[in-house]
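**Student:** So for the sequence shown, numbering that gives the first Met the number 0 puts the first residue at 0; every next one is plus one.
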Amino acid sequence: MKLDTNYKQIREGLSIEKEKIESELKDIASYSAETRSWEAMPTSQDDGPESDAVDLADRLEEYETRSEMVRTLEKRLNSINSAIEKIDAGKGFGICEVCSKQIEGDRLMANPSAKTCKEHMNNR
Ligand SMILES: [Zn+2]
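1) Using 8 angstroms for Cβ pairs, my map puts S22 next to I83. What's the rounded Cβ distance?
2) Under a criterion of Cβ closer than 7 angstroms to any non-hydrogen atom of ligand 1, which residues qualify, in chain order?
3) Buried or exposed: where does V69 fall if 16 or more other Cβ atoms within 10 Å of its Cβ makes it buried?
4) Output needed for S78: all residues of its chain with C-beta closer than 7 angstroms, excluding positions within five of it in sequence on either side, in chain order.
5) Could you please give the first and the last residue of the uninterrupted beta strand (DSSP E) stretch that includes E38?
6) Excluding the five sequence neighbours on either side, which residues of its own chain have a C-beta within less than 7 angstroms of the C-beta of C95, listed in chain order?
7) Identify whether A109 lies in helix, strand or coil by the three-state DSSP scheme.
The following block contains the structure:
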């Protein structure tokens, strides 16, 4: 596949989104080089003497929500990284990972990091 202006534009958009997601992640998570993944940071650093069981339950719930958010962002980041890699490699970008057909243009426009065609969008 040739890297034309269109792909450069898409790549540009992807790197902007990548930076955005990374800065969002840095606010709520820290990257572990060991596990090569993002881990949610504790929601409250303030562990004053007044913290009781209710506070603890609240914090656990907040932490759960945050972890969920981190996983969602991380997943998006991974698809973006793999889309960028495919563009840089000059192959595989815009190709459905299930059926190896070209992904529909409108789907790719809406989500440049899509890995599957419309037919297989719920397969992975
Ligand atoms: Zn497909």
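Cβ coordinates follow ideal geometry from the N, Cα and C atoms, glycine included.
**Tutor:** Let me spell this out:
1) So it is not a contact: roughly 17 angstroms between Cβ atoms.
2) So the residues near ligand 1 by this Cβ test are C95, V97, C98, K100, T115, C116, E118 and H119.
3) The residue is buried, with at least 16 neighbouring Cβ atoms inside 10 Å.
4) Its chain contains S112 and K114 as the residues whose beta carbon lies nearer than 7 angstroms to that of S78, once the 5 sequence neighbours on both sides are disregarded; these appear in chain order.
5) Run containing E38: S36 to A39, per the beta strand (DSSP E) assignment.
6) The beta carbon of C95 lies closer than 7 angstroms to those of I102, T115, C116 and H119 in the same chain, with the five residues before and after it left out.
7) The three-state secondary structure of A109, taken from DSSP, is helix.
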